[in-house]
Each structure stands twice: as C-alpha cells, then as structure tokens.
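Mapping to the numbering used here: the sequence shown position 154 is 137, numbers consecutive.
For every residue, glycine included, the Cβ atom is placed at its ideal position computed from N, Cα and C.
Please read the structure below before turning to the comments.
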Amino acid sequence: MSTQQGIPLTNGEVPKLTFDDYSAYEAEREIATPHGQGSLHRSSDARRRTTATPAVRSSAQRLNKKSIDCSVRDPADQLVRKIVSTSQRLENHVKEDDKDEEEQEEQEEGLGHMLRTSGHRHADTRVKHFWTDDILARTMTKPCIVGELQSYQRENPALFATKSIDTVAEDILKYRRKIFAVLALIDKGACIEEVIAEGLVDKDLPLHTDESSSLCPLFRYGANSTARKVNCFSRIGWKTLHRETFLTSQYAMSPQFLGFDPDGCTPKHEEFSAREILPIIEEQERQQGGYGVIQKIKLARASHGFHNRLRLIKTDDEFALKRLLKNDAVEFRREAKAGGRFNGFVCDHLVTLLMTWTLNGQYYLLFPLARYDLEEYWSHYRSPQVSPGMARWMLKQIVGITAAVEYIHDPSGSQPADILGVPDGREYGRHGDIKPDNLLWCDSPTDRRGIVVVADLGLATLNSVVSRTQSNTKARCAPRYKAPEFNIKGFKIRRSCDVWALGCVLIEWVCWALEGNDARLQFLNDLFQTFPSGSQTDLYFEMERKQNKLVHVTVNQAVAKKAARLHRSKHCTQLFHDLLWLIQEKMIVVRAENRISAHELHVELKKMTEKGERDSRYFDAPCESLREVTLPLPLQAEFYIQEPKREAISQFQLGVPH
C-alpha cells in the first residue's frame, strides 16, 4: 500500500482529496435531516452557504466524475462512497437552486415589477404609488407588453389562439394601457383577452361598484349614464379581493391633473372624491395661522400645468397648500374670489392663486411656494450691507408692493370693468392684513436679489362704491399693525387702514436696512405699552384715557424716537430720509382721513425712483436730515374694546407673484 498521503484504493490509485472535498461532505451533513427526519431538508441559510461556495461545487463535480471501485469493508472506502454520494446530491440541489433563481429573476423582470419600480411614490403611504401618462408610455412599450404576453402563453399555451400576441399588444397600447397595467399589478394580466372580448377600454375608467354589495361587483357607465356590469371580472379565478384591489388601483393610473381654467390664468375649482389621487410626491412641515393650515408640498412634474408660472420665480414643482380651518363655504368662496381677482397676472407684486378644490368636506387653496416671508428674510439676513444696489432694490420692492395695494383698493382703476367682471363699473377692495408675514420674498430670474409680493388675501374684502366706507365691526387685522380706528367706537374701516399697516412695515424695513435685525427687534420691544383695557400691547399707536369715556389717540412715542435715530444713522442717504418723512407725515397718521391714499403713495414713491435715476447720490451718499418731521395731530375719540388674539404661529410663506 502506498504511503502517499490519501485514501488507498483497490487499483492502487490515490485521489487527492483536498480540504474542499471534505467541506462538501461536511456541508451536506450539516444541512441534511436537521430535525432527525429521514428526508433531505435544507434551510435557507444552508442553501445560501452551499450555493455561495464555488469550491464546494467544483469539488463535488470532480468527485462525481471519478471511477472509484471501493471495498465496502474498508472504512476508508466507505468514507469515499459517502463523499461521492454527497457530491451527487449536492450537485442536484445546486441545479435546483439555479432553476429557482432563474424563475425568480424572470418574475422580477415582469411588467408588474417594472411598474412598481417606475411609479411615483405618493406622499401618503396609504396610496404608495401612482403613474402619470408619461411613465406609462415609457414603461409599457410594445416590446415590454409582447414579452409579458409571451410569459402568459408559456404558462398557458391555450392563450391567444384567435389573435396573435402582436395584435393583442397593439390593442393594449391603443385602448387598454391603463387597464392592462392594473391587471399586471394584481397578477391578472392573463385575463386581458376577456377584457378585450367584453370591449372594456381605458375610457370606461374609473369603474364603480355597488357599495351595498359585499362582493364588490364592478360597473361601467355608458353615454346615457346607464350602469353595465363588467362580467369579465366576475368569472372563475376572480375573487372579491381582486375586484376591490382593481377598484382602488385604477385611480393610481389616472392621478388628477392640476391646472388653470382653459384661459390659462383663472384658478380652476374642483370637487375631488376620496378615491381620487392628487399627484403629491412630497409633504413637509405644516404651520397653522389664524385662518388656515399651510403645508409645503411637491407635485409630480407631469401632473400640473403651472410650469410657466413657476419658471418666472425660479421654483421647481414646489407649492404651498392652504387648508381652511373652518369648513365654511362662504369664507372659502370669498377668499377664492379675492385670489382670483388680485393675482400676479395683473400685478407682478401680487401672489397668484393657482387652484382651489374641496376634498372630504375640506377647502384647499394652492399657491406657488416662496422661500421666505419678509420677517424670515430679515431674520436670515440679520446684518445687511447698505449699498446703492441694495437701496435701489429696496425702493423697487416698496414701489411694487404699493402698486399691488393700489390695485387691491381700486382694481377697476387700471383695468376695464368688463374684463374684471365688475358690475356697475367699480368695486373697491381692502387687504386688511398687511404685515411682514404676508409679504413674501421669492427668487426672480430678472433680479438676483429677488422680488417681494403681497400675499394672503384671506381677509381681503370687496365693497361697492356705496359701501366701501361703511362700518365693519367684524373687520380683522394683525394686532400690532392695526390702525387706531379698529379700537374707536363707531369708526368706519376704510382702505386707509392698509396704508397705516404698510407704513408700520416700512419703518421696520428701514430700521433693518440701516441698523440690522437686532435693532428692529429691539424697536418692536420698545413699542410695548399699557392699553386702556389694562393689557400690554405693542401697537403703533397709544391711547390715553380722558374723562367721559374718551381717549387721546397718538402715534406710539417709540416710533418718533426710532425715526429720529434712523435719521442720524451714518448710513442714512437722502432716500431713507425721504422714506422716513413719508412714513411719519403721511402714512402712520392717527386720523384716517389725513392719510395718503395708496394711489398718491405710489406716485410719491415713483418720484423717489426718478430722483435716484437723475442723481446716483440719492442712493449712495449718506447725508444729514435737512428738516424736522411734522408730526400729525392727535385724535380724541370714544374707546372701543376690540383686541383680536395674536396668532401663535405666523402664516407660512404662501406663494409668489406669477
């Protein structure tokens, strides 16, 4: 017997049994009869271990090919026989593994898998996916459909006996792409012949059901609105679960397209059912204001028609969706009317309402998304660098905002009445809630510093020429920026309350520009005072109690002090001097009848622009104030307690101009 290392054989040949040979044997022993059973059973872990070891497979094949004549009585020969037997069984299981993997790969390459990986993921996890027409066109090509039909025929050779697969594929592409997509998703694609035979096409979608039936029968409606049962989905092999899944999934193939009315500028209104799918692919933070909840959303690009508007403010499919807190149809129609009338199509510095809808009894308004509101903009750029460019941009935005307010106050003043649909010639509007939170900063393709627009017209009201100055005890305004007339008994709320509020915003803006945001915040703190009701307020006016229930109304002393300090700033150019004089003498004026109108204010601001165009020093040369400010006369009136609660959270940036 040879002394060579190895197992002696009867013919004297000693095969080289390596470590891998024995590994094959040991691996098979490890996975065989795991629970004492006589049959071979392999766990998934053991399958992965054996199939993932190439050395085991090659060793088994090599041993299986050797011609070995062993003596059963020799223990070494018995070991070799066991190894050979093990190698044969292992090779068979390796082949079975390969076959299983091929079948799994073939299944994963099917149309259902392709649809699941290509669809948009919906922001609502209960919806999961939806498919726009462009995705279906890219995914469900003729070669793809032909391959899917061929896979059905391999499983059932009786399929497509009367029509060729090519003909059926053409029919699907023309008339039944969405139906076939749903069938593929629920593993019922082989039923397409029955669908064709029944004449069911994509135009019949969505199918409906009888809610009173537990079997979920499906119906389609004809031209005369008569319901016809879809029989092909009630035959052998179709369960109630299949019909229920089809009923739900069909809406994922037809997400709602959001857009303007056919004229391309009028906000469209829709009534959506609970089953219909809105093409929302992202939802982010929500913020609640006094009258609505605002949410940042992103829409699938192919599912909306607002691209031209978004392109003008350099945003990408991002929107602000406002849901009214109160399900009040009158309130909703009023805000929708204001948003449709006052928008970026008529003034660049007005926010554009894009669309409205109702869903589950709630009211929604869609706006483009702005990056900041003015309050956030000031906080983000806490220490602005005063420069001629910044001063020019700031004046340009103030002129634009004033033009927007002027348009709200008199929309028929610059547009023919018949175009605006204004009855009897004229209507007059009032914004009613001008504050930094409702002035939005947006990117602009024409100005690297952006554009500021007037937003949140939820409080905007339209009055006829005979009622525009009538008393309105329900008038609302942000507490800090409300005019004195809101707290004067019997006083009429005029459009001039917007001028007061804008003046308050502008002095904060000048303070931010010349001294920075910390100084602006300190100024707001300095406004706090004791109101006649005993509460602490930060209003821009003061009320001192007199006898006989009268109050002495004056501008808050902190305003005059801050204006005087700003006039002395080393950065104060003639532009800022003029702005401060205009604010103090004509805007923040306690007597409403003495305030400048929005139209007159617009004219004054354009004159400032012309000064700067004639002389660049108007913007870039700091100078001393040339005169003292003329303070307006105080007012004595009867006090009326009306203190709206301050909103806990500021309004989210709602939109952009176009």
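Would you list the residues sitting across from residue 112 in a DSSP beta bridge?
According to DSSP, which records beta bridges pairwise, residue 112 is partnered with 104.
Is residue 229 helix, strand or coil when you go by DSSP?
Secondary structure of residue 229 (DSSP, three-state): helix.
Pull up the DSSP beta-bridge partners for residue 368, would you.
DSSP, once it has assigned bridges, lists no residue as partnering residue 368.
Taking the C-alpha atoms as reference points, what is the distance between residue 324 and residue 374?
Cα-Cα distance, rounded: 31 Å.
Cβ pair count under 8 Å reaching 3, the segment 503 to 512 against the segment 412 to 431
Result no; under three Cβ-Cβ pairs closer than 8 Å.
DSSP three-state label for residue 393, please.
Of the three classes helix, strand and coil, the one that applies to residue 393 here is coil, per DSSP.
Output the distance between the C-alpha atoms of residue 259 and residue 192, rounded to the nearest integer angstrom.
Between residue 259 and residue 192, the C-alpha separation is close to 15 Å.
From the DSSP secondary-structure annotation, give me the bridge partner or partners of residue 255.
Note: residue 255 sits in a beta bridge opposite 342.
Between which residues of its own chain and residue 582 is the CB-CB distance below 8 Å, once the five residues before and five after are set aside?
Excluding residues within five positions, the ones whose Cβ falls inside 8 Å are 389, 392, 393 and 396.
Where DSSP assigns a beta bridge to residue 474, which residues make up the other side?
Beta-bridge pairing links residue 474 to no other residue.
Give the single residue among 196, 474, 210 and 215 whose Cα lies nearest to the Cα of residue 174.
When only C-alpha atoms are compared, the closest one is 215.
6 Å Cβ shell around residue 452 - same chain, five flanking residues per side excluded
Its pLDDT being 48, under 50, residue 452 is placed unreliably in this model, and the value from its coordinates should be taken loosely. The residues are 475 and 477.
Name, in chain order, the residues that DSSP records as bridge partners for residue 127.
DSSP output for residue 127 lists no bridge partner at all.
With residue 181 as the anchor, note down where its alpha helix (DSSP H) starts and where it stops.
Residues 175 to 181.
Give the list of continuous alpha helix (DSSP H) stretches no shorter than 4 residues that lie fully inside the segment 501 to 561.
List check, alpha helix (DSSP H) in window: 540 to 550.
For residue 586, count the other beta carbons within 10 Å of its own beta carbon; 16 or more makes it buried, fewer makes it exposed. Which is it?
It is exposed - the Cβ of residue 586 has fewer than 16 other Cβ atoms within 10 Å.
Per DSSP, cross-strand counterpart(s) of residue 275
Residue pairing by DSSP places residue 275 opposite 307 in a beta bridge.
Give the DSSP-derived three-state secondary structure of residue 332 in the structure shown.
Correct three-state label for residue 332: coil.
Taking residue 602 as the reference, give the member of 329, 561 and 345 with the closest Cα.
Comparing Cα-Cα distances from residue 602 to each of 329, 561 and 345, the minimum goes to 561.
Exposure of residue 448, with buried meaning 16 or more beta-carbon neighbours within 10 Å:
At residue 448, the pLDDT of 43 sits below 50, so the modelled position is not reliable; the number obtained from the coordinates is stated separately. Counting C-beta atoms within 10 angstroms of its own C-beta, residue 448 has fewer than 16 neighbours from the protein chains shown and is therefore classed as exposed.
Identify whether residue 349 lies in helix, strand or coil by the three-state DSSP scheme.
Shown here, residue 349 sits in a strand according to DSSP, grouped into three states.
Delimiting residues of the alpha helix (DSSP H) encompassing residue 204
Run containing residue 204: none in the alpha helix (DSSP H); it sits in the beta strand (DSSP E), 201 to 204.
So, with DSSP's three-state summary, where would you put residue 587?
DSSP places residue 587 in helix when its eight states are reduced to three.
Thinking just about the alpha-carbon of each residue, which of 276, 558, 619 and 369 is nearest to the one in residue 471?
Distance from the Cα of residue 471 is smallest, within the candidate group 276, 558, 619 and 369, for 619.
Unbroken beta strand (DSSP E) run spanning residue 434, endpoints:
Residues 434 to 437.
Could you tell me whether the Cβ atoms of residue 156 and residue 111 are closer together than 8 Å?
No, they are not a contact pair.
If you follow the beta strand (DSSP E) that residue 425 is part of, which residue opens it and which one closes it?
Where residue 425 is concerned, the enclosing beta strand (DSSP E) starts and stops at 422 to 425.
Nearest neighbour of residue 691, chosen from 293, 287, 206 and 266 [CA to CA]:
Limits of the chain in this structure are -16 at one end and 641 at the other, which puts residue 691 out of reach.
With distances taken from CA atoms, which of 313, 252 and 496 is nearest residue 372?
Answer by Cα proximity: 496.
Per-residue DSSP class, three states only, for residue 356:
Three-state DSSP puts residue 356 in a strand.
Quick one: Cα of residue 514 to Cα of residue 432, how far?
Within the model, the alpha-carbon separation for residue 514 versus residue 432 is close to 40 Å.
Which residue wins for smallest C-alpha separation from residue 327, given the options 250, 284 and 529?
In terms of Cα proximity to residue 327, the closest of 250, 284 and 529 is 250.
Is the segment 347 to 359 in contact with the segment 293 to 311, if contact means three or more CB pairs nearer than 8 Å?
Yes, the segment 347 to 359 touches the segment 293 to 311.
Quick check: residue 614 and residue 543, are their CB atoms within less than 8 Å of each other?
Between residue 614 and residue 543, the C-beta gap is smaller than 8 Å, which places the two residues in contact.
Give every residue of the same chain whose Cβ lies closer than 8 Å to the Cβ of residue 159, excluding the five residues on either side of it in the sequence, and list them in chain order.
Scanning its chain for C-beta atoms nearer than 8 Å, with the 5 sequence neighbours on each side dropped, one finds around residue 159 the residues 175, 178, 179, 183, 184 and 185, in chain order.
Rounded C-alpha distance that separates residue 367 from residue 552:
Going from the Cα of residue 367 to the Cα of residue 552 covers about 14 Å.
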